[in-house]
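Each residue of the sequence shown is one higher than the one before, counting from 54 in the working numbering. Don't be surprised by glycine CBs; every beta carbon is placed ideally from N, CA and C. Structure record follows, encoded as structure tokens.
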Amino acid sequence: MSNESDFRQFNPKPTWNSRGGDDLVEGFYKPALKNNCNLYQRMSGFFTSTSFSHVAQEILDFIERDGKIELITSPNLSTTDKETIEQSVDDPEKLISEIFFEDLKNDLDNLKINFAKLLGYMLTHNKLEIKIAINKDRKGMYHDKIGIMHFDDDEKISFSGSANETSAAWKFNSEQLEVFTTWGGDRDNVSIRNHQRWFNRVWQSDVDELEIFNLPVAVKDHLLEISPKSDEEYMQVMEKIKETLGLASKKPKMGLYDYQKDARDKWIENGCNGLFAMATGTGKTFAAFSCMNKIQNTHERTAIIIACPQKHLVEQWYEELSDYNSGMPEEDKVDFSTSVLCNSDYPKWRDDFDKILDQVNEKPLGYSEFSKNNFIVFVTHATLGKVGHNSFNEKIDSIKGLKKFLIIDEVHNITEESSKTRFREDYDFRLGLSATPDRHLDTVGTDIIYNYFDKAVYDLSLKEAINEGYLCKYHYYPTYVELTVNEAEIYDDLTTSIAIIEQQKSRGAYHPEKGEFDPYLARAQLIQAAANKLDKLKEILTDMSNSLEQTLVYCTSNPSLGFPKGAPTQLIEVQKILSARNIVSDSVTWRDKTKDRRKILRDLANDHFDCVTAVRCLDEGVDIPSVKLGIFMASSGNPKQFIQRRGRVLRKSEKTGKTHAKIYDILVTPHIPDEDNIGTVRERKLIANELLRCKEFASLSDNEDVAKESIGEILEGFKIPYETLTREWITENIGKWTKDDDDYSPETETDYSPIE
54 MSNESDFRQF
64 NPKPTWNSRG
74 GDDLVEGFYK
84 PALKNNCNLY
94 QRMSGFFTST
104 SFSHVAQEIL
114 DFIERDGKIE
124 LITSPNLSTT
134 DKETIEQSVD
144 DPEKLISEIF
154 FEDLKNDLDN
164 LKINFAKLLG
174 YMLTHNKLEI
184 KIAINKDRKG
194 MYHDKIGIMH
204 FDDDEKISFS
214 GSANETSAAW
224 KFNSEQLEVF
234 TTWGGDRDNV
244 SIRNHQRWFN
254 RVWQSDVDEL
264 EIFNLPVAVK
274 DHLLEISPKS
284 DEEYMQVMEK
294 IKETLGLASK
304 KPKMGLYDYQ
314 KDARDKWIEN
324 GCNGLFAMAT
334 GTGKTFAAFS
344 CMNKIQNTHE
354 RTAIIIACPQ
364 KHLVEQWYEE
374 LSDYNSGMPE
384 EDKVDFSTSV
394 LCNSDYPKWR
404 DDFDKILDQV
414 NEKPLGYSEF
424 SKNNFIVFVT
434 HATLGKVGHN
444 SFNEKIDSIK
454 GLKKFLIIDE
464 VHNITEESSK
474 TRFREDYDFR
484 LGLSATPDRH
494 LDTVGTDIIY
504 NYFDKAVYDL
514 SLKEAINEGY
524 LCKYHYYPTY
534 VELTVNEAEI
544 YDDLTTSIAI
554 IEQQKSRGAY
564 HPEKGEFDPY
574 LARAQLIQAA
584 ANKLDKLKEI
594 LTDMSNSLEQ
604 TLVYCTSNPS
614 LGFPKGAPTQ
624 LIEVQKILSA
634 RNIVSDSVTW
644 RDKTKDRRKI
654 LRDLANDHFD
664 CVTAVRCLDE
674 GVDIPSVKLG
684 IFMASSGNPK
694 QFIQRRGRVL
704 RKSEKTGKTH
714 AKIYDILVTP
724 HIPDEDNIGT
734 VRERKLIANE
744 LLRCKEFASL
754 SDNEDVAKES
764 IGEILEGFKI
774 PYETLTREWI
784 TENIGKWTKD
794 DDDYSPETET
804 DYSPIE
């Protein structure tokens, strides 16, 4: 292998430690395998049927270039298995076979059986050879952990360390590797020779302390039997593996729905400016891509800026544009050849942006044309608004001679203040996307959005989307709990504090200090974490026979004044309730890394979990169509949030065939008054606002009568008429709803941390 080879440019560092932040898979294992490795010799403490799941694409490429794996391993044994094999002098092969087949039975999503088919294919085509090592004295287990990767010109990489050849070891356990290369000097070469000699001795059964078996006949015969019998069948197995692991590209149908084309055309008719007010889950993103295509086809040189509220949505837009292009005829595709992602996950985005600017602003010396004419920017709302030296807006100022197109996803998140640096007048074309463009209790902010984007050029309501079959039908089950006596007293005290602040605000006399106690936030958190919600959740689970699947539970991890300091949060209590009922769950919060959140949601979609609890996330833009049950335990008072969360549950799923969903909604009500009392004005306003949302949810459900009956006691107790209940009725009969009545705060309204 020459010094100029691509492989030597990989040049792995000598020590890798996952606890120190090293990604063993992405940083070492994948690059090493795909850099023309032709023989992989591995000694591993144990090996599972899904051992190669973390490098599925690399193994596919490895097979296609005729690579081979020689594996020395031992079975992944439980304590009972170890005791049995220590006593099994005559026939350890039988036990090894039994362990293998038992492992295949525990295969909820067919991942293990598909990997077994892959192993069978490799055995059939002489691309895999497995030997089993067991200590002759049966005391302890074989646990050598060495790997040797062979390349052209007798170049090698060897490694040793704590990682077994399992997905968990490479991806999740705390592991360390020492890595050696043949071009790394004398010390490295000595280590590689020692590793190679030891591997050869074990492979050839030349170690007195070890007993080496070929793969048990029963296991080998089974693998050969289920092995793909043709290249086509082999590719089908690989596609199933990649689909289960979330590696397969989505393949949308060719073309757009008629309503998406209609939205695009109306936007063009309005001078390429406007809002798409389309229900969550109806394909606003693909309609926007079609607008991008038209702009690129109409104008020779373009810069398209796509802004999303959160970093994981920036990633999702980037990926969905690839999916869009893969399912569209050539004339409808978007030029995606030059792009940059701008947020704090990409610390070099400024340098990458500058390189693109050099290509689009200046013609190469001696050339009459620019080297680049189109580029796309994916950016967070936070970064979009940055000004000053080397900021995002300075980069936009530097674009010369290109038509600029701004797309803002979830545009309702842009406030009056934040619009000042985001709604630039020099964007030639503008598109705002939202299921709910109107800002809650903010007419000034709403007017700014509509003034900038002119108007909503296309509306698609939830009712229309359900009736037309774009979204699932659903059953809605509202239920309610009262505040405890202690919570009610705290609620009244906080409400009094808020009323005083509102009076001070009206006189211009309110000047809070940084870090001052916030009664608005405290009251919102009190409602979200109301203690009786936990008992109500238990009732719901009991009614469902403690059986959940494809479920999202929205809850809170905020502290509440209703509980002693240091008491477990609602999230922790919910997880305890689920665990006690043997419901397998995991949790995602707004603090989790994007890649971790995606893995958990992918595992939910593949039935690895029954349920995922969500805290301040999974509201906007996240695509999880497999979910068919939502339980709303904690939400802000902002109707936008409820609408977004409902949309998460109502997406259709071609994979699962889902066409129907269920929503449980746990409300909080003041103490229901006696027959001769209708409650205070504030109590009636609070519950009337909740009931108005319930009515809207129920009116579009398949069980409105049942939903109405569920809240009948509240309607009667507070003398609120269901049939005529509207925002206008509340204003005329109880009082105008204002922000001091709302149980939400800036924190709970946005549901995301405003990070770049």
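Consult DSSP for residue i and reduce its assignment to one of helix, strand or coil.
| i | result |
| --- | --- |
| residue 511 | strand |
| residue 578 | helix |
| residue 392 | strand |
| residue 720 | strand |
| residue 114 | helix |
| residue 429 | strand |
| residue 59 | The predicted model places residue 59 with a pLDDT of 49, which falls under 50 and marks its position as unreliable, so this point remains unresolved. |
| residue 606 | strand |
| residue 787 | coil |
| residue 65 | coil |
| residue 466 | helix |
| residue 659 | coil |
| residue 535 | strand |
| residue 769 | helix |
| residue 130 | Confidence in residue 130 is poor, its pLDDT being 41 and thus under 50, which makes the residue's placement too unreliable to answer from. |
| residue 77 | helix |
Return the first residue and the last residue of the beta strand (DSSP E) that residue i is part of.
| i | result |
| --- | --- |
| residue 450 | Careful: residue 450 lies outside any beta strand (DSSP E), inside the alpha helix (DSSP H) at 445 to 450. |
| residue 69 | 68 to 70 |
| residue 231 | 229 to 234 |
| residue 318 | Careful: residue 318 lies outside any beta strand (DSSP E), inside the alpha helix (DSSP H) at 311 to 322. |
| residue 34 | There is no way to answer for residue 34, as the model of the chain reaches only from 54 to 809. |
| residue 705 | Segment: none, residue 705 is in no beta strand (DSSP E) and carries neither H nor E. |
| residue 209 | 209 to 214 |
Tell me the DSSP bridge mates of residue i?
| i | result |
| --- | --- |
| residue 528 | 715 |
| residue 93 | 122, 202 |
| residue 459 | 358, 483 |
| residue 331 | 513 |
| residue 543 | BP columns for residue 543 are empty, so no partner. |
| residue 187 | 264 |
| residue 639 | 665 |
| residue 728 | DSSP output for residue 728 lists no bridge partner at all. |
Let's see if you can read the secondary structure: which residues bound the alpha helix (DSSP H) around residue i?
| i | result |
| --- | --- |
| residue 586 | 585 to 596 |
| residue 669 | Run containing residue 669: none; DSSP gives neither H nor E here. |
| residue 338 | 337 to 351 |
| residue 252 | 239 to 256 |
| residue 84 | 83 to 87 |
| residue 505 | 496 to 506 |
| residue 625 | 623 to 633 |
| residue 371 | 364 to 379 |
| residue 758 | 757 to 763 |
| residue 325 | Neither: residue 325 is in no alpha helix (DSSP H) and is coded neither H nor E. |
Is it the case that the Cβ atoms of residue i and residue j are separated by a distance below 7 Å?
| i | j | result |
| --- | --- | --- |
| residue 717 | residue 740 | no |
| residue 338 | residue 395 | no |
| residue 460 | residue 341 | yes |
| residue 696 | residue 488 | yes |
| residue 481 | residue 457 | yes |
| residue 393 | residue 404 | no |
| residue 624 | residue 485 | no |
| residue 116 | residue 189 | no |
| residue 811 | residue 663 | Given that the chain is displayed from residue 54 to residue 809, the structure contains no residue 811 and the question cannot be resolved. |
| residue 555 | residue 587 | no |
| residue 473 | residue 534 | no |
| residue 182 | residue 123 | yes |
| residue 511 | residue 319 | yes |
| residue 603 | residue 681 | yes |
| residue 515 | residue 316 | no |
| residue 428 | residue 356 | yes |
| residue 430 | residue 358 | yes |
Am I right that residue i and residue j are in contact with their C-beta atoms under 8 Å? What's the rounded C-beta distance?
| i | j | result |
| --- | --- | --- |
| residue 255 | residue 268 | Not a contact, Cβ separation roughly 15 Å. |
| residue 688 | residue 666 | Not really, about 14 Å apart at Cβ, beyond 8 Å. |
| residue 232 | residue 210 | 7 Å |
| residue 715 | residue 527 | 6 Å |
| residue 701 | residue 719 | With 8 Å as the limit, residue 701 and residue 719 do not qualify as a contact, their Cβ atoms being about 17 Å apart. |
| residue 204 | residue 90 | 6 Å |
| residue 386 | residue 346 | 7 Å |
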